[in-house]
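Q: The listed protein sequences correspond, in order, to chains W and C. Using our numbering, the letters of the first sequence correspond one by one to residues 1 to 458. Using our numbering, the letters of the second sequence correspond one by one to residues 459 to 916. Cβ coordinates follow ideal geometry from the N, Cα and C atoms, glycine included. Just dropping this structure here.
Number of protein chains: 2
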Amino acid sequence: MAKPTPLSGFPEFLPADRVVEQQVLATLARTFELHGFGNIETRAVEPMDQLLRKGETSKEVYVLKRLQEGPNDQGLEKALDKGMGLHFDLTVPFARYVLENAGKLEFPFRRYQIQKVWRGERPQEGRFREFTQADIDIVGRDVLPFHHDVEVARVMVEALSGLDFLPGFTLQVNNRKLIQGFYTGLGASDIDKVMQLIDKLDKLPVDKVRELLISDAGLDEKQADLCLQLATIASEDASFVDDVRALGVSDQLLEEGLTELAAVIEGCKPFTSDTVKVVADLKIARGLDYYTGTVFETRLTGFESLGSICSGGRYDALASDGKSTYPGVGISLGVSRLLVPLVQKGVLTGSRVVPSAVLVALTDEESRPAADAIAQQLRANGVPTEVAAKPDKFGKQIRYAERRGIPFVLFARVAEDGTTTHEAKDIRSGEQVSIDPATWTPPAADLRPQVVMKEQHS
Amino acid sequence: MAKPTPLSGFPEFLPADRVVEQQVLATLARTFELHGFGNIETRAVEPMDQLLRKGETSKEVYVLKRLQEGPNDQGLEKALDKGMGLHFDLTVPFARYVLENAGKLEFPFRRYQIQKVWRGERPQEGRFREFTQADIDIVGRDVLPFHHDVEVARVMVEALSGLDFLPGFTLQVNNRKLIQGFYTGLGASDIDKVMQLIDKLDKLPVDKVRELLISDAGLDEKQADLCLQLATIASEDASFVDDVRALGVSDQLLEEGLTELAAVIEGCKPFTSDTVKVVADLKIARGLDYYTGTVFETRLTGFESLGSICSGGRYDALASDGKSTYPGVGISLGVSRLLVPLVQKGVLTGSRVVPSAVLVALTDEESRPAADAIAQQLRANGVPTEVAAKPDKFGKQIRYAERRGIPFVLFARVAEDGTTTHEAKDIRSGEQVSIDPATWTPPAADLRPQVVMKEQHS
């Protein structure tokens, strides 16, 4: 078999890099659980009719076909009608899960979900065909008080802050009520069109957007300028409220939005720092039309070209079954979008390629059972340990450990009187000390592989 | 939208049941890492030509098609030729990963992999279309010493033993060299045929198998009886060796197999107990033809009808790239096959439906920031905590905690002089004590949801 080549858009990690992903996922899960979010997993597939409800993503769905159906006995039309496809996000499956199990869930239902999703789009930087997302959502039955908007923002900010090997980040928050109320208040007739055009400010020059606001959204020059001025407003505190009021537009929905957005910004204050910022940024709109209040995007400092790594918002009707509607608020972290570039660019890796903190050296093949017993003693104390694969010369066994990044090698010494003593060698410093395998453990920092900056890791 | 119904063959867990799966996976991962197995994940898809190399499973592969390819511009034939399908096990992807990254891996390479796999087969008890497997393998370059066979057996036995809420289990071990050598030694000409027929002993009566050994495998009556006698031999120690020798068949491969099998059984001895058994069972053959030495199956005590929950063995050529071959030995645990029936039959569930150990009660909506601050103090000490969704009457807030299984409710009491004190109520016992939120934590056993027998959980 020829050497296989990677599939474009399907990133995979080498063992040392997977260490980074494991630690990121563990830190996220720990923070989410500390806040009472329970974990669920949903199946990878959903019925096509569910996946195709959102027009925009329909072209990206991977359709599933059983091979044994044969090439001709079922057309793609039938697959579309009754078939299944791979989920392209975790929101559609979650909405279905909530409806399917509503009678067995307690509301408000806080859940986190960390799974792969698939999109059959053309791979490009930061865009993959298979990638991991980590979502948190809080869903209510019929009602979901606004304070949960503040809660999900705080939880995700705390979770991202826990990834202390990351550069800083900025959570950008806006509110649909605010911008929709503003556009209504200044007399715009096609609110959605205005929002779509303002959303293009990061791609088109301001003058061009202004032109389109007039030609396509039917605004006059003064209205267009006010919309553009609104989009320039940003602040790390509630001062944006006065800036908006200074524009002289009034509307009840606008007022609601201002109050909500100020509450999110103030509520996240205790979680901010020099590197962790939460800003009211009034140009953020989010393309998807199901958001109805708070909206979130997140930029990684120094890696702004990745786009938003973490997005979400409030949706007043995640799902509905006729009897009840289920409003929700959530944020989704693009784990692969965040990590794959950092790993590929060599920013992050794991400190070693195996979990083992200790290699038990082997004098000869006959002493393997004794070495296995020593290893078991260490494992019983929580020390990841492996036994040398072969009874090579000790220098070779040390190089074996070095190549894997294993920090300690354990040697047994049999004295002339037949008693055995054990020594642990820190192969980084060369220091060698007598130890009792029944009680000795390496320093806590050496127990598990650490996430390190590759440049700092020799 | 109408209430969705479950998809047959795609099991999903409710939050309390997912607790069971989370703890199982965490325990397995911990054990694997203690033994130096590093984690990897491979993409869900593989090229169809790789997936179809094993004839037996070809009918079960789910083929992937991008929706945007349109119904007619690419036939299934092309998908088969150049397309992709979902992996049906973790061995095929692992073999591909090893070949693709051989230059960047250290051998022997120990890895564990816990992922979903997909098979488009008809769902039935213990058979799913989507299910989770946990695989460990050790792979060498060109050579892999036999002692690794003992190692993987020990690691999996220790991992399964760590799931202390499971009933007992029996790891059944056999060796292909032993049975092939035996059949050769007694003069059988079609070794594979004999092995296939002996493998049917759990489905067909002995007489029928005997008949087929004579009619289909060309054995004489004495040879057929010897084969059947071999298959009845089983022992929890190395005494099976004498039982085999007593049959009077001699062959060099047989001797090798006897030595290896005895070594696995003896090597696992320290890990056995009243409920954890490792037996040499000479009727175990494993259908798949890539095994070349040790083979494993595992039965769960009291749930034998599930079939083998954990299977594997030695394969002398997991992969080959022309320059090197990569021999390996591994075992695969069917996590879903094990857990889905235990959860559905009501044997196991989680002790609560949320991670929260504490609910901070709310006097009124104005005190939410104070309650949030208390909750953050608890979380900083590792206590999963949520704040009441609404300032209901305290009785209602306690019932809110009860429904979720949250063991403690925290109340703030404001004295007449304005000072605030805090009390923690264990809602199971009703006991209420004064606490300092900056230092108080619930008992360790209450910090996380536990796996419990449903019958014992009121």
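How is W/Phe37 classed by DSSP in three states: helix, strand or coil?
A: As a position in the first sequence, residue 37 of chain W is number 37, starting the count at 1. Residue state, collapsed to three classes: coil.
Q: Report yes or no: is there a C-beta of chain W within less than 8 Å of the C-beta of C/Ala847?
A: As a working mapping, residue 847 of chain C is identified with position 389 in the second sequence. Interface residue, yes.
Q: Please determine if the segment 104-117 of chain W and the segment 792-799 of chain C are in contact, where contact requires at least 3 C-beta pairs separated by less than 8 Å.
A: Touching, no.
Q: Does W/Gln74 come out as helix, strand or coil in the three-state DSSP assignment?
A: Position 74 of the first sequence holds residue 74 of chain W. For W/Gln74, the predicted model reports a pLDDT of 49, less than 50, meaning its position is unreliable; a value from the coordinates is still stated below. Here W/Gln74 sits in coil by DSSP.
Q: Quick one: Cα of C/Thr628 to Cα of W/Asp392, how far?
A: Here residue 628 of chain C refers to the residue found at position 170 of the second sequence. Here residue 392 of chain W refers to the residue found at position 392 of the first sequence. So the alpha carbons of these two residues sit roughly 36 Å apart.
Q: If you draw a straight line from the C-alpha of W/Met453 to the C-alpha of W/Arg129, how long is it?
A: Against the first sequence, residue 453 of chain W aligns to sequence position 453. Against the first sequence, residue 129 of chain W aligns to sequence position 129. Those two C-alpha atoms are separated by around 27 Å.
Q: With C/Pro505 as the anchor, note down where its beta strand (DSSP E) starts and where it stops.
A: If you number the second sequence from 1, residue 505 of chain C lands on position 47. Unbroken beta strand (DSSP E) run through C/Pro505: Val503 to Pro505.
Q: DSSP on W/Phe10, reduced to helix/strand/coil?
A: Stepping through the first sequence from its first residue, residue 10 of chain W is reached at position 10. Here W/Phe10 sits in coil by DSSP.
Q: Taking 6 Å as the limit between beta carbons, can you name the residues of its chain near C/Glu579, skipping five residues before and five after?
A: Position 121 of the second sequence holds residue 579 of chain C. Glu518.
Q: I'd like to know whether the C-beta atoms of C/Val707 and C/Ile691 end up nearer to each other than 8 Å.
A: Counting from one through the second sequence, the residue named residue 707 of chain C turns up at place 249. Counting from one through the second sequence, the residue named residue 691 of chain C turns up at place 233. Cβ distance not < 8 Å, so C/Val707 and C/Ile691 don't count as in contact.
Q: When you compare only the Cα positions, how much space is there between C/Arg772 and C/Thr642?
A: Indexing the second sequence from 1 puts residue 772 of chain C at position 314. Indexing the second sequence from 1 puts residue 642 of chain C at position 184. Going by the C-alpha atoms only, they are around 20 Å apart.
Q: Please list the terminal residues of the continuous alpha helix (DSSP H) segment that includes C/Gln638.
A: Position 180 of the second sequence, counted from the start, is the residue given in the question as residue 638 of chain C. Start and end: Arg634 to Gly643.
Q: Buried or exposed: where does W/Gln252 fall if 16 or more other Cβ atoms within 10 Å of its Cβ makes it buried?
A: As a first step, residue 252 of chain W is located in the first sequence; it is residue number 252 there, counting from the start. Result: exposed.
Q: Have a look at W/Leu52, W/Lys203, W/Cys268 and W/Ala319 and flag the residue whose alpha-carbon is nearest the alpha-carbon of W/Gly140.
A: Within the first sequence, residue 140 of chain W is the residue found at index 140, counting from 1. Of the candidates W/Leu52, W/Lys203, W/Cys268 and W/Ala319, the one whose C-alpha sits nearest the C-alpha of W/Gly140 is W/Ala319.
Q: Helix or strand or just coil, what does DSSP make of W/Gly257?
A: The sequence position of residue 257 of chain W within the first sequence is 257, counting from 1. It is helical.
Q: Check whether the segment 376-385 of chain W touches the segment 433-447 of chain W, taking contact to mean three or more Cβ pairs, one atom from each stretch, closer than 8 Å.
A: Counting Cβ pairs under 8 Å, three or more are found: they touch.
Q: If I'm right that C/Val652 touches C/Ala689 with Cβ under 8 Å, what's the distance once you round it to whole angstroms?
A: Numbered from 1 along the second sequence, position 194 holds the residue referred to as residue 652 of chain C. Numbered from 1 along the second sequence, position 231 holds the residue referred to as residue 689 of chain C. Rounded, the Cβ-Cβ distance is 10 Å, inconsistent with contact.
Q: Taking Cβ-Cβ distances shorter than 7 Å, what residues in chain C pair up with W/Leu171?
A: Taking the first residue of the first sequence as position 1, residue 171 of chain W is located at position 171. Ordered by position in chain C, no residue passes the 7 Å Cβ test against W/Leu171, which lies about 18 Å from the chain.
Q: Just to confirm the assignment: which complete beta strand (DSSP E) runs, minimum length 3, are found wholly within the segment 293-373 of chain W?
A: With a minimum length of 3 residues, the continuous beta strand (DSSP E) runs that stay inside the segment 293-373 of chain W are 294-300, 310-320, 325-334, 348-350 and 358-360.
Q: So for C/Gly543, helix, strand or coil by DSSP?
A: In the second sequence, the residue the question calls residue 543 of chain C occupies position 85. The answer is strand: DSSP assigns C/Gly543 an E or B state.
Q: CB-CB under 7 Å to W/Pro93, same chain, minus the five flanking residues each way: which ones, in chain order?
A: Taking the first sequence and counting its residues from 1, one reaches residue 93 of chain W at position 93. Correct list, in chain order: Thr42, Glu46 and His87.
Q: Between which residues of its own chain and C/Pro785 is the CB-CB distance below 6 Å, once the five residues before and five after are set aside?
A: Mapped onto the second sequence, residue 785 of chain C falls at position 327. The answer, listed in chain order, is Gly598, Leu602 and Asp774.
Q: On the CB-based measure, 16 or more other CB atoms within 10 Å of its CB, does W/Asp73 come out buried or exposed?
A: Residue mapping note: residue 73 of chain W aligns to position 73 of the first sequence, counting from 1. Residue placement at W/Asp73 cannot be trusted, given a pLDDT of 44 that sits under 50; the coordinates are not used to answer.
Q: With respect to the beta strand (DSSP E) encompassing C/Tyr570, which residues constitute its N-terminal and C-terminal limits?
A: Here residue 570 of chain C refers to the residue found at position 112 when the second sequence is read from its first residue. Where C/Tyr570 is concerned, the enclosing beta strand (DSSP E) stretches over Phe567 to Trp576.
Q: For a contact meaning CB atoms closer than 8 Å, what does W/Ser356 contact in chain C?
A: Translated into positions along the first sequence, residue 356 of chain W becomes position 356. Near W/Ser356 (Cβ distances below 8 Å), the residues of chain C are Gly494.
Q: How would you list, in chain order, the residues of chain W whose beta-carbon sits under 9 Å from the beta-carbon of C/Arg599?
A: The residue labelled residue 599 of chain C in the question sits at position 141 within the second sequence. Per Cβ cutoff of 9 Å: no residues; C/Arg599 is ~11 Å from chain W at best.
Q: Please compile the residues from chain C whose C-beta is within a distance smaller than 9 Å of the C-beta of W/Tyr290.
A: Taking the first residue of the first sequence as 1, we reach residue 290 of chain W at position 290. The contacting residues do not exist; W/Tyr290 stays about 14 Å from chain C at best.
Q: Whose C-beta lies closer than 7 Å to the C-beta of C/Leu671 among residues of the same chain, with five residues either side of it excluded?
A: Locating residue 671 of chain C in the second sequence gives position 213, where the first residue counts as 1. Taken in chain order, the residues that qualify are Val652, Leu655, Leu677, Ala682 and Cys685.
Q: So what does C/Leu629 bridge to, in DSSP terms?
A: Against the second sequence, residue 629 of chain C aligns to sequence position 171. Partner(s): C/Val736 and C/Thr756.
Q: Using the rule of at least 16 other Cβ atoms within 10 Å of the residue's Cβ for burial, across every protein chain shown, is W/Val206 buried or exposed?
A: Walking along the first sequence from the start, residue 206 of chain W turns up at place 206. Exposed is the call here.
Q: Are the Cβ atoms of C/Val722 and C/Val631 separated by less than 8 Å?
A: In the second sequence, the residue the question calls residue 722 of chain C occupies position 264. In the second sequence, the residue the question calls residue 631 of chain C occupies position 173. Yes, the pair counts as a contact, with Cβ atoms nearer than the cut-off.
Q: Give the interface partners of C/Phe468 over in chain W, defined as CB-CB distance under 7 Å, in chain order.
A: Start at 1 with the first residue of the second sequence, and residue 468 of chain C comes out as number 10. Those are Arg43 and Val45, listed as they occur along chain W.
Q: What residue does the alpha helix (DSSP H) around W/Asp242 start on, and which one ends it?
A: What you label residue 242 of chain W is simply residue 242 of the first sequence in a count that begins at 1. Element bounds for W/Asp242: Phe240 to Arg245.
Q: Less than 6 Å between C-beta atoms, sequence neighbours within five positions excluded: which residues of the same chain meet that for C/Ala617?
A: As a first step, residue 617 of chain C must be located in the second sequence, where it is residue number 159. Hits under 6 Å: Leu486 and Thr489.
Q: Interface residues of chain C around W/Arg379 at Cβ under 8 Å?
A: The sequence position of residue 379 of chain W within the first sequence is 379, counting from 1. Ordered by position in chain C, the residues that pass the 8 Å Cβ test against W/Arg379 are Leu492 and His493.
Q: What is the rounded straight-line gap between the Cα of W/Asn175 and the Cα of C/Ile885?
A: Counted from its first residue, the first sequence places residue 175 of chain W at position 175. Counted from its first residue, the second sequence places residue 885 of chain C at position 427. Looking at the two C-alpha atoms, the distance is approximately 40 Å.
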